[in-house]
Each structure stands twice: as C-alpha cells, then as structure tokens.
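Heads up, the thing below is written out as structure tokens.
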Amino acid sequence: MAATTMEQLVSLCKRRGFIFQNADIYGGQQGVYDYGPLGVELKNNLKAAWWRAMVYERDDVEGLDAAILTNRKVLKYSGHEDTFSDPMVDCKKCKGRFRADHIKDGKCPNCGASDLTEPRPFNLMFKTQVGPVESAENIGYLRPETAQAIFTQFKNVVDSTSRKLPFGIAQIGKSFRNEITPRNFIFRVREFEQAELEYFVFPGDDEKWHEIWKNERINWWLEQGLSMENIHIYTTPSDDLAHYAKACYDIEYRFPHGMEELEGIANRRDYDLGNHTKAQEEFELEAHCHQNPDSTTKLCIRDDESGKWIVPFVIEPSMGIDRGVLALLTEAYTEEDLGDGNSRVVLKLKKHLAPIKVAIIPLKKNSEEIMAKCHELKNKLMKLGIGRVQLENTGNIGKAYRRHDEVGTPLCLTVDFETIENKPETVTIRDRDTMEQIRVSTDELPAYLREYFL
Ligand code: GAP
Numbered sequence: 470m471a472a473t474t475m476e477q478l479v480s481l482c483k484r485r486g487f488i489f490q491n492a493d494i495y496g497g498q499q500g501v502y503d504y505g506p507l508g509v510e511l512k513n514n515l516k517a518a519w520w521r522a523m524v525y526e527r528d529d530v531e532g533l534d535a536a537i538l539t540n541r542k543v544l545k546y547s548g549h550e551d552t553f554s555d556p557m558v559d560c561k562k563c564k565g566r567f568r569a570d571h572i573k574d575g576k577c578p579n580c581g582a583s584d585l586t587e588p589r590p591f592n593l594m595f596k597t598q599v600g601p602v603e604s605a606e607n608i609g610y611l612r613p614e615t616a617q618a619i620f621t622q623f624k625n626v627v628d629s630t631s632r633k634l635p636f637g638i639a640q641i642g643k644s645f646r647n648e649i650t651p652r653n654f655i656f657r658v659r660e661f662e663q664a665e666l667e668y669f670v671f672p673g674d675d676e677k678w679h680e681i682w683k684n685e686r687i688n689w690w691l692e693q694g695l696s697m698e699n700i701h702i703y704t705t706p707s708d709d710l711a712h713y714a715k716a717c718y719d720i721e722y723r724f725p726h727g728m729e730e731l732e733g734i735a736n737r738r739d740y741d742l743g744n745h746t747k748a749q750e751e752f753e754l755e756a757h758c759h760q761n762p763d764s765t766t767k768l769c770i771r772d773d774e775s776g777k778w779i780v781p782f783v784i785e786p787s788m789g790i791d792r793g794v795l796a797l798l799t800e801a802y803t804e805e806d807l808g809d810g811n812s813r814v815v816l817k818l819k820k821h822l823a824p825i826k827v828a829i830i831p832l833k834k835n836s837e838e839i840m841a842k843c844h845e846l847k848n849k850l851m852k853l854g855i856g857r858v859q860l861e862n863t864g865n866i867g868k869a870y871r872r873h874d875e876v877g878t879p880l881c882l883t884v885d886f887e888t889i890e891n892k893p894e895t896v897t898i899r900d901r902d903t904m905e906q907i908r909v910s911t912d913e914l915p916a917y918l919r920e921y922f923l
C-alpha cells in the first residue's frame, strides 16, 4: 500500500471538516489551525483515551487543569527565560528567518541565496503584559509547556491528597511557542495542545521508572492504532538534551514528511522542583538547582522511613495532541481498490477514536415514515453514551456510505421500507472495514451497540 501523503491528509481534513487554517478568510495565520466539526471530536476522543489510561485506570495519578497565563518568575526559575531558544538565521536577500538546523548547504530554504546571518538565539515564548501597566513586573508569558504549573502546584496537590511517592500529576492543555518555521501542517505549530504526566519518584528509582514509562507509552500508542513498524525510539544524545533533562527517549512516528518526534519521555531529575524551592540551609538538595530567593515554599515530600525531606525526581511522558491527531490520520488513511473499477478512501480509526460512532441513513429522504423512524432511532441511540450518533440525510445512500468511510464512522445503520413494514422492526448495519451488512431488530440495537462500543 502506498504511503499516505501530507496532501491527501490536508485535503481530507479540509473537505470533511477535520482541520482548517486559522483566519482562512484573511489569507491564514501561519502555524495556527482550527479544528472543525469532526476534528474536535477526534481530538476530544484522543484526549479522553489518554486521561482514561493515565488517571482513571491507575491509582497513583491525580489530575490538574492550570492556567495558561504564566507568572514570569515561574519561567525565570524553570530556566525558560534564559534557555528556551532556537538558534536562527536571517536571509539577507529575501528577509526570511529560519532555524539554523533547517539550513542545508548554507543556502536559504526560501530563495536559495547564500547570504545568511550568523545563527542567533531566539526565545520561543510569547511574552505579554498582565494588567494595564506596562512594566518589567507585569511581564507574563503564555506557557510554553503545561508542566511548570504541575511543579509549582506540587505542594498543594500533595497536601490536599496525602500522596506518597511514587505518584503522578497529569494535565492536558494548550501550550504556545513562537516557532521560527512552523511547518508540516499541524506537526509544528505555534499554538498546540500537550498531554503531560509528571511522575514523581524517589531519587535513585528514576532510571527504572524511565524504562517503565517508555514501555507503557509505546503500548498505549499501539492500542490507539499505530503500528510498531511506523514507530522508532530515539535516545537523545547527552549533548542534545533539554536544559532540565538527565536523559530522554523520543517516541518517533513515520509521519508523511518523515520519522519525527511524537512524544518525549524525559528524566527531568529534581531540576524543576529544586529550582522552584525556597533556598534553606537545613534542607539537602542535589546540585541540579540554584538558590531561589523568591519562592516561599519547599517543594518536597517527607520519606516515612528515613523521616527526611526529599525533592523527588520526575519522569515526564509528554505528548503533543496535534501530533497525535496527525499520526492517527496518517496511520488510518487507506485507499482501497474495490475490484470493480471503483476505489474508496477509508479512515480506519479505532472505534473509540472515531468522530462519529453511528450514522443513521434513510433509504429515501422523502418518505415521511422512514424519516420519522430515523429521528426516533437517533433520539434513542444518542442516550446510550457511546458517543456521537448522526442522522445523515444528505445525498443518496451510496454517497452517504462513501462519506462515512472517509471520516471513519465504524457503523452505518440504514432505515428502509422493511424497517417500517416488518415486525419485529429491523435495520441494516454496515461495517466500515468489511462493508458487510447484517439486519438487527431495533429492540436489540441498544444492546448490540453497547456491546460493540463500550
Ligand atoms: N514538557 C516537556 C516538553 O514540552 P517537548 O519535547 O518540547 O517537551 C513535548 O514537547 C511534545 O509536545 C512533543 O513531543 C510534541 O509532540 C509536542 N510539541 C512540541 N512543540 C510542538 C509544536 N511546535 N507543535 C506541535 N506540537 C509540539
């Protein structure tokens, strides 16, 4: 089967309402995308799957939903003000600005000129002013990662839940980076969502937990439908690690534009908790932090056995939701030859991720009886809690099947004259992948669908 191209995905996403360019009517805003009617469902389903696996199915993780607007001191002591930058070069001819590591053979990727500036650091954070007065004290940032609030709220979470090590705090939310060269559709954007877990462990147990989380996360991606042949684990060389990290694995995925990072799993040591901790003499800290004269708090936990205060190490699986959506679309997009001179596009998403679970299709739109039965079924089935059930009354039945194949709807349910005339009433159920059809009585439908989806 031919590899999925980015053009195929971009076209499908626009045509069927998954993803649109932001500010499209004004020519678009670079590196910013909006999720349409089906995109928002897919994204929500992916986030729900992550939250279920990370929080509901475990007994050692709490959730958090912190603010995006971030106090300057948080990002000063996290190291982001000083170090969160990419080296960039300017082209003196076309005035384009590019990441230094994206330059090949010393030539401008836009116009091909060799007249480039030396690389200079460019801070990726979006700076803003909090409150009406413009001053150094009122500088704030849109967070560049969700993680920092997990660290700064560490004590509040521990105090309110009485957690002991090891345990984690999970969060899903928007992050912002002023990427120099946003590219590859939703792969590298300026506004994106992250799902991050900060898993706190005893120092010394960190390497063991790093391996455990690497394996957990690979298995989770396989459960979402990615195949192992499209996944690669990259171990970041020590001279290329982020400023906070002791070690890092990247789960890379074979995107249409190449094998690239989908999720990072970093060992952040005690760097962040240590740096946000009030400097105190009686308190032993590893050497991974500096004095903090601004913090009011010790971000640490008491070890029951030794009675000592410990700054935990942290293992951080951090995934990009948008990159997750792109990986799922890449993997699921399939063009099938039907053998009769026709072909179809099928989005073979796992059923828990499919934006629409069931499409109810009337055989004849202008039959009042059939339409009334469709509405009755829609009202009944939407209460099952299986996700979105849609009444599809555009086009003919063949077109409706094609449309739902393309957007990944696992089941199409057709109401025809037999449904009305036969007792017991029956409908046909068509399976997206096999295209096989069966007849099921409407009385048995709720149990059938619950069994299928839940
Ligand atoms: N808290 C750790 C952290 O933020 P990161 O490797 O910079 O680490 C984690 O980001 C994940 O966030 C990446 O693996 C990627 O999936 C996603 N991500 C980062 N920058 C992104 C961007 N500009 N556009 C889309 N996703 C991005």
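Heads up: the sequence shown is residues 470 to 923, going by the working numbering. Note that beta-carbon positions come from the ideal geometry of N, C-alpha and C, so glycine has one too. Keep in mind the model is a prediction, meaning the values are calculated, not measured.
query	result
Pairing CB atoms from the region 621–639 with CB atoms from the region 591–604, are three or more of them under 8 Å?	no
Just to confirm, does S604 get its C-beta within under 7 Å of one of the non-hydrogen atoms of the ligand GAP?	no
From the DSSP output, read off the bridge partner residues of N540.	G609
Is F661 closer than 8 Å to R612 when the C-beta atoms are compared?	no
Are the CB atoms of R652 and V501 nearer to each other than 8 Å?	no
Where R919 and L850 are concerned, what is the direct C-alpha to C-alpha distance, given to the nearest angstrom?	10 Å
Under a three-way DSSP split, which group does A756 fall into?	Reliability fails at A756, whose pLDDT of 46 lies under 50, so the model's placement of it is uncertain and the value that follows must be treated cautiously. Of the three classes helix, strand and coil, the one that applies to A756 here is coil, per DSSP.
Under DSSP, the beta strand (DSSP E) around S644 begins and ends at which residues?	636–645
Got a sec, what are the start and stop residues for the beta strand (DSSP E) C843 sits in?	Counting along the chain, C843 falls outside any beta strand (DSSP E), though it belongs to the alpha helix (DSSP H) covering 837–850.
Identify, in the order they occur along the chain, each residue of the same chain with its Cβ nearer than 7 Å to the Cβ of V479, setting aside the five sequence neighbours on each side.	F654
What do you reckon, is the C-beta of E614 under 7 Å from a heavy atom of the ligand GAP?	yes
Can you tell me which of G673, K573, K624 puts its alpha carbon nearest to the alpha carbon of E531?	K624
Comparing alpha-carbon positions, which option in N736, T799, E837 lies nearest L710?	N736
Once DSSP output is grouped into helix, strand and coil, what is the label at P588?	coil
Roughly how many angstroms separate the alpha carbons of V876 and S812, rounded to a whole number?	15 Å
Of the choices Y610, P672, A714, whose alpha-carbon is the least far from that of K643?	Y610
Check whether the Cβ of F620 sits closer than 7 Å to any heavy atom of the ligand GAP, and report yes or no.	no
Between T615 and G793, what straight-line distance do the alpha-carbon atoms span, to the nearest angstrom?	17 Å
Return the first residue and the last residue of the alpha helix (DSSP H) that G793 is part of.	790–801
Exposed or buried, L924, counting other C-beta atoms within 10 Å across all chains shown (16 or more means buried)?	Not covered by the structure: residue 924. The range shown for the chain is 470 to 923.
Check the DSSP bridge columns for F993 and list the partner residues they point to.	Only positions 470 to 923 of the chain appear in this structure, which leaves residue 993 out of reach.
For the ligand GAP, I want to know if E800 counts as a neighbour, meaning its beta carbon is within less than 7 Å of at least one of the ligand's heavy atoms.	no
Under the three-state reduction of DSSP, which class applies to Y934: helix, strand or coil?	What the structure shows of the chain is the stretch from 470 to 923, and residue 934 is not part of that stretch, so it cannot be assessed.
Report the CB separation of T799 from P725 in whole angstroms; it is logged as a contact under 8 Å.	6 Å
Nearest-angstrom Cα distance between A756 and R738?	Bear in mind that the predicted position of A756 carries a pLDDT of just 46, short of 50, making it unreliable; the figure below should be weighed with that in mind. Looking at the two C-alpha atoms, the distance is approximately 10 Å.
Please state the DSSP three-state secondary structure of Y722.	strand
Going along the chain, which residues of its own chain have a beta-carbon closer than 8 Å to the beta-carbon of L515, five neighbours each way excluded?	Q693, I790, G793, V794, L797, L822
Using three-state DSSP, classify D628 as helix, strand or coil.	helix
Flag this pair as touching only if the region 518–525 and the region 543–558 have three or more C-beta atom pairs under 8 Å; answer yes or no.	no
Let's test the definition: count the other Cβ atoms within 10 Å of the Cβ of T426 and tell me whether it reaches 16, buried, or not, exposed.	As shown, the chain starts at 470 and ends at 923. That puts residue 426 outside it, with no answer to give.
If I'm right that A916 touches M788 with Cβ under 8 Å, what's the distance once you round it to whole angstroms?	So it is not a contact: roughly 35 Å between Cβ atoms.
Just to confirm, does Q490 get its C-beta within under 7 Å of one of the non-hydrogen atoms of the ligand GAP?	no
Based on the DSSP secondary-structure assignment, which residues constitute the bridge partners of E531?	I638
Start and end of the beta strand (DSSP E) containing H701?	700–704
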